[in-house]
Amino acid sequence: MASETSLRQGRKAPYALLSPGMLWLILFFLVPMWTLLRIALSEKPNAFLPDYELTWRWANFSDAVDRFQPELVRSFAYAGIATLLCIAIGYPLAYFLAFKAGRWRSLLLGLIMVPFFTSFLIRTIAWQTILGQEGPALGLLRALSLVSVTDAIGLTRDGAFLNTPQAVVGGLTYNFVPFMILPIYVSLEKIDARLMDAAQDLYSTPAAAFRKIVLPLSLPGVFAGTLLTFIPAAGDYINAELLGNVKTGMIGSQIAKLFLKESNYPEAAALSFIFMAIITAGVLIYAKLLGTEELAA
Amino acid sequence: MTVAEPIDAPSAPDQGRAVIEIDDVSKVFGDYVAVDHADFTITEGEFFSMLGPSGCGKTTTLRMIAGFETPSSGAIRLEGQDVSRVPPHKRDVNTVFQQYALFPHMSVWDNVAYGPRAKKVAKDEVARRVDELLEVVRLSDFAQRRPSQLSGGQQQRVALARALVNYPKALLLDEPLGALDLKLRQNMQLELKRIQREVGITFIFVTHDQEEALTMSDRIAVMNQGRVEQIGSPREIYDRPATVFVAGFIGQANLWPATVTARQGTTTTIDVAGRTLDVTDDDSGLAVGDAGTFMVRPERMHVELELSDPDRWTVFATVTDAVFQGPVVRYELALPDGAAAVAHVPARRDGLPLPGDTVHASWSDESGVLLAGSPALAPATGNDDAD
Numbered sequence: 001m002a003s004e005t006s007l008r009q010g011r012k013a014p015y016a017l018l019s020p021g022m023l024w025l026i027l028f029f030l031v032p033m034w035t036l037l038r039i040a041l042s043e044k045p046n047a048f049l050p051d052y053e054l055t056w057r058w059a060n061f062s063d064a065v066d067r068f069q070p071e072l073v074r075s076f077a078y079a080g081i082a083t084l085l086c087i088a089i090g091y092p093l094a095y096f097l098a099f100k101a102g103r104w105r106s107l108l109l110g111l112i113m114v115p116f117f118t119s120f121l122i123r124t125i126a127w128q129t130i131l132g133q134e135g136p137a138l139g140l141l142r143a144l145s146l147v148s149v150t151d152a153i154g155l156t157r158d159g160a161f162l163n164t165p166q167a168v169v170g171g172l173t174y175n176f177v178p179f180m181i182l183p184i185y186v187s188l189e190k191i192d193a194r195l196m197d198a199a200q201d202l203y204s205t206p207a208a209a210f211r212k213i214v215l216p217l218s219l220p221g222v223f224a225g226t227l228l229t230f231i232p233a234a235g236d237y238i239n240a241e242l243l244g245n246v247k248t249g250m251i252g253s254q255i256a257k258l259f260l261k262e263s264n265y266p267e268a269a270a271l272s273f274i275f276m277a278i279i280t281a282g283v284l285i286y287a288k289l290l291g292t293e294e295l296a297a
Numbered sequence: 298m299t300v301a302e303p304i305d306a307p308s309a310p311d312q313g314r315a316v317i318e319i320d321d322v323s324k325v326f327g328d329y330v331a332v333d334h335a336d337f338t339i340t341e342g343e344f345f346s347m348l349g350p351s352g353c354g355k356t357t358t359l360r361m362i363a364g365f366e367t368p369s370s371g372a373i374r375l376e377g378q379d380v381s382r383v384p385p386h387k388r389d390v391n392t393v394f395q396q397y398a399l400f401p402h403m404s405v406w407d408n409v410a411y412g413p414r415a416k417k418v419a420k421d422e423v424a425r426r427v428d429e430l431l432e433v434v435r436l437s438d439f440a441q442r443r444p445s446q447l448s449g450g451q452q453q454r455v456a457l458a459r460a461l462v463n464y465p466k467a468l469l470l471d472e473p474l475g476a477l478d479l480k481l482r483q484n485m486q487l488e489l490k491r492i493q494r495e496v497g498i499t500f501i502f503v504t505h506d507q508e509e510a511l512t513m514s515d516r517i518a519v520m521n522q523g524r525v526e527q528i529g530s531p532r533e534i535y536d537r538p539a540t541v542f543v544a545g546f547i548g549q550a551n552l553w554p555a556t557v558t559a560r561q562g563t564t565t566t567i568d569v570a571g572r573t574l575d576v577t578d579d580d581s582g583l584a585v586g587d588a589g590t591f592m593v594r595p596e597r598m599h600v601e602l603e604l605s606d607p608d609r610w611t612v613f614a615t616v617t618d619a620v621f622q623g624p625v626v627r628y629e630l631a632l633p634d635g636a637a638a639v640a641h642v643p644a645r646r647d648g649l650p651l652p653g654d655t656v657h658a659s660w661s662d663e664s665g666v667l668l669a670g671s672p673a674l675a676p677a678t679g680n681d682d683a684d
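From first to last, the protein sequence lines stand for chains A and B.
For the first sequence, position 57 matches number 57 in the working numbering, and the numbering has no gaps at all.
Remember, the working numbering sits 297 above the position in the second sequence when you count from 1.
This is the structure in structure tokens:
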């Protein structure tokens with residue numbers, strides 16, 4: 001009898017433990033999502049007032065896609081390029097930190113975190129100053145008479161850094177690279193260095209040992225880093241606003257504009273939904289391709 | 298003092314063909330000398346152990362043979378070829394790593410197939426070899442498992458198969474049994490010997506466990522502080538240790554200070570434990586007046602209340618402790634000069650001395666060995682490190 005009771009309690013315990021989290025999710029995720037969906041299906045009766053009425057207008061979604069297609073494409077393109085750049089910069093750095101940094105490791109990890117002590121906005125404004133017409137970056141290029149060269153390779157446009165897609169992608173890369181480095185570092189750091197010895201002992205060159213052992217074992221970190229970089233980068237609007245121009249607008253800035261300036265809540269909500277749907281689908285496909293479940297097992 | 302033991306007969310290591318030559322090899326890290334002029338040869342089909350406490354240089358020597366470290370001076374030859382500067386992936390030796398270093402993202406089968414595949418062996422030959430080796434280590438049923446799904450002993454056998462599948466010229470084993478519990482370790486010792494006989498490959502085995510080395514090896518190199526103290530069969534090393542360190546590290550030993558009083562040929566007269574006695578067949582190199590160490594193994598000691606053989610010389614001693622240990626009784630004795638002695642005496646039913654008794658302690662002539670250096674050179678904690 002007693003054992004049966006404890007067995008029952010044993011079955012209930014997981015749910016009891018889950019309940020705070022579930023409650024949190026219901027209150028702060030499901031309820032707002034439901035509200036957002038209702039707004040997305042509403043109409044705005046008066047263009048000058050922020051009011052909206054639920055009319056189950058599904059066309060809001062297709063309207064939003066039609067109107068903001070360039071921004072949607074641009075968001076995913078910029079975020080994709082920035083993510084690839086983050087991998088290209090972050091992976092070697094994480095590798096160095098995990099295997100070569102030795103006693104400098106803690107200091108270097110700390111240095112990666114240091115920028116977080118300043119707000120995201122301020123850091124981006126700082127880039128605006130650095131890259132501006134009278135900023136030190138262009139000043140150096142002018143002093144070295146390299147502006148024509150950077151124009152030719154596309155780093156600058158008409159002798160300017162700012163208001164270009166390059167500046168936006170650069171800003172996104174700068175702001176999100178720590179989110180790539182840290183998960184890759186964690187997954188590399190867990191790899192037993194003797195596995196590399198073992199692979200070389202079994203006739204692999206150091207490069208082949210990296211390809212067959214270290215790279216597959218670090219993919220969960222690359223996967224996590226990509227999610228942490230790509231998703232916020234795609235939704236980011238500060239970089240597009242501060243470093244770009246009207247032709248580099250991303251979806252985040254459009255949603256913000258719809259909500260805050262036009263007070264067009266239904267369209268903003270519909271656009272947010274579409275954006276979330278695309279990201280969710282993308283992540284699922286990506287997870288499938290990379291097979292992280294397999295790797296985690 | 299001749300040691301002619303049938304146990305040693307099958308190994309006959311000196312006649313074999315040299316597989317690995319360690320030619321006056323030293324390895325220095327900064328100002329730390331990890332290996333100090335090691336010089337020995339390992340022959341074909343031999344089970345060769347490097348034994349010593351941690352930091353003695355045995356693992357560094359093994360890593361130099363594998364190619365993970367480069368000798369600071371000297372040369373390592375593999376079947377006559379100088380490989381001192383050849384990277385590990387170009388050497389025909391394979392390693393069983395401490396903690397195994399199995400690839401966690403691959404199945405057992407793929408782990409074992411890694412070497413032949415990297416060597417671009419034909420596909421069906423890879424399959425044939427992997428299946429064969431999994432058979433040898435008795436893991437055929439586990440081929441599709443991941444390493445994390447195996448027990449420690451099974452992982453150990455995968456590591457062994459993964460190395461042996463390449464038919465290396467020598468197999469290097471870096472404390473491979475250290476992570477296993479005692480019972481499993483003893484099973485694996487026998488298993489390793491069986492596999493070695495089956496495949497006939499030279500095994501170079503690194504361990505700090507003297508019992509393990511004695512059980513498995515054809516020859517043992519005992520190392521201390523980067524130097525090779527002695528190389529010999531387990532029997533030689535146990536019965537005729539070359540140094541005080543070896544005497545103290547292998548098994549248990551009574552180590553008494555002794556002074557040489559006379560020499561005649563290989564017979565040396567010494568003062569030990571308040572007695573004067575002759576040591577025949579002495580190769581300690583001590584001169585008259587030198588201080589040295591005299592060693593007798595506890596099980597070679599006789600402890601008697603009444604002298605059974607009136608011709609035998611003895612030392613008077615007082616029993617300070619007697620512990621029944623099953624097959625033997627362990628006696629602790631105080632000798633007349635104050636030195637302590639340990640004796641293992643077969644546990645007879647009666648007639649055994651008790652603490653406080655005065656006894657005749659003795660040993661047969663051929664079981665004592667005179668060594669250069671003071672008894673303080675023995676390792677402080679002895680050898681009962683079961684880890």
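Glycine is no exception: its CB is placed at the ideal position from the N, C-alpha and C atoms.
Problem - Same chain, Cβ closer than 7 Å to residue 349 of chain B, five either side skipped, listed in chain order - result: 355, 505, 519, 520, 521
Problem - Within chain B, the residues that residue 41 of chain A reaches when beta carbons sit closer than 7 Å - result: Under the 7 Å cutoff, chain B gives no residues; its nearest Cβ is about 46 Å from residue 41 of chain A.
Handout entry: Within chain B, partners of residue 91 of chain A - CB distance below 7 Å
Key = The premise fails here: residue 91 of chain A is roughly 18 Å from chain B at the closest Cβ pair, so nothing lies under 7 Å.
Handout entry: Cβ contact (3+ pairs, closer than 8 Å) linking the region 183-202 of chain A and the region 380-397 of chain B
Key = yes
Problem - Counted within 10 angstroms of its Cβ, other Cβ atoms place residue 590 of chain B as buried (16 or more) or exposed - result: buried
Practice task
Leaving out five residues on either side along the sequence, give the residues of the same chain with a beta carbon under 7 Å from the beta carbon of residue 497 of chain B.
Solution key: 342
Handout entry: Backbone CA spacing between residue 167 of chain A and residue 226 of chain A [nearest angstrom]
Key = 20 Å
Exercise for the section: Tell me whether residue 675 of chain B sits in a helix, a strand or coil according to DSSP, three-state version. Expected result: coil
Handout entry: For residue 660 of chain B, the three-state DSSP class (helix, strand or coil)
Key = strand
Practice task
Below 7 Å between beta carbons is the criterion; list the residues of the region 213-235 of chain A that meet it against any residue of chain B, in chain order.
Solution key: 213, 216, 217
Practice task
Please classify residue 693 of chain B: is it buried, with 16 or more other beta-carbons within 10 angstroms of its beta-carbon, or exposed?
Solution key: With chain B represented from 298 up to 684, any question about residue 693 of chain B goes unanswered, as that position is not in the structure.
Practice task
Return the chain-ordered list of same chain residues with a C-beta closer than 6 Å to the C-beta of residue 470 of chain B, the five sequence neighbours on each side being excluded.
Solution key: 393, 502
Problem - Three-state secondary structure (DSSP) of residue 34 of chain A - result: helix
Exercise for the section: To the nearest angstrom, report how far apart residue 428 of chain B and residue 456 of chain B are at their CA atoms. Expected result: 14 Å
Problem - Stretch pair the region 567-578 of chain B + the region 645-657 of chain B: three plus CB contacts closer than 8 Å - result: no
Exercise for the section: Please state whether DSSP places residue 319 of chain B in a helix, a strand or coil. Expected result: strand
Practice task
Report the option in A:185, A:279, A:248 whose CA atom is closest to the CA atom of residue 99 of chain A.
Solution key: A:185
Practice task
Please report how far the alpha carbon of residue 353 of chain B lies from the alpha carbon of residue 321 of chain B, in whole angstroms.
Solution key: 16 Å
Exercise for the section: Could you tell me which residues DSSP pairs with residue 521 of chain B in its beta bridges? Expected result: B:524
Practice task
Output yes if chain B places a C-beta closer than 8 Å to the C-beta of residue 95 of chain A; else output no.
Solution key: no
Practice task
Assuming residue 557 of chain B contacts residue 586 of chain B (C-beta within less than 8 Å), just tell me the rounded distance between them.
Solution key: 6 Å
Problem - Near-chain B residues of the region 268-292 of chain A (beta-carbon distance less than 7 Å), N- to C-terminal order - result: none
Practice task
State the Cα-Cα distance for the pair residue 380 of chain B and residue 363 of chain B, rounded to the nearest angstrom.
Solution key: 10 Å
Exercise for the section: Just the C-alpha distance for residue 12 of chain A and residue 269 of chain A, rounded to the nearest angstrom, thanks. Expected result: 38 Å
Practice task
Taking a Cβ distance cut-off of 7 Å, strictly less, list which residues of the region 406-438 of chain B are near chain A, in chain order.
Solution key: 411, 412, 415, 416
Handout entry: C-beta contact flag for residue 260 of chain A and residue 218 of chain A at 8 Å
Key = no
Exercise for the section: Check distances from the C-beta atoms of the region 167-195 of chain A to those of chain B and list, in chain order, the residues that come in under 7 Å. Expected result: 192, 194, 195
Practice task
Verify whether the separation of the beta carbon atoms of residue 71 of chain A and residue 251 of chain A is less than 8 Å.
Solution key: yes
Handout entry: Inter-residue spacing [alpha-carbon to alpha-carbon] between residue 493 of chain B and residue 624 of chain B
Key = 32 Å
Practice task
Taking the CB atoms as reference points, tell me whether residue 692 of chain B and residue 499 of chain B lie closer together than 8 Å.
Solution key: The question about residue 692 of chain B has no answer, for chain B in this structure spans 298 to 684.
Practice task
Give every residue of the same chain whose Cβ lies closer than 6 Å to the Cβ of residue 275 of chain A, excluding the five residues on either side of it in the sequence, and list them in chain order.
Solution key: 251
Exercise for the section: For residue 378 of chain B, write down the residues that DSSP places opposite it in a beta bridge. Expected result: B:375
Practice task
Could you check what DSSP says for residue 553 of chain B in three-state terms: helix, strand or coil?
Solution key: strand
Practice task
Could you check the C-alpha separation between residue 313 of chain B and residue 536 of chain B for me, to the nearest Å?
Solution key: 24 Å
Handout entry: Residue ranges of each alpha helix (DSSP H) within the region 412-486 of chain B, 4 or longer
Key = 420-433, 449-461
Problem - Proximity of residue 664 of chain B and residue 612 of chain B at Cβ, strictly below 8 Å - result: no
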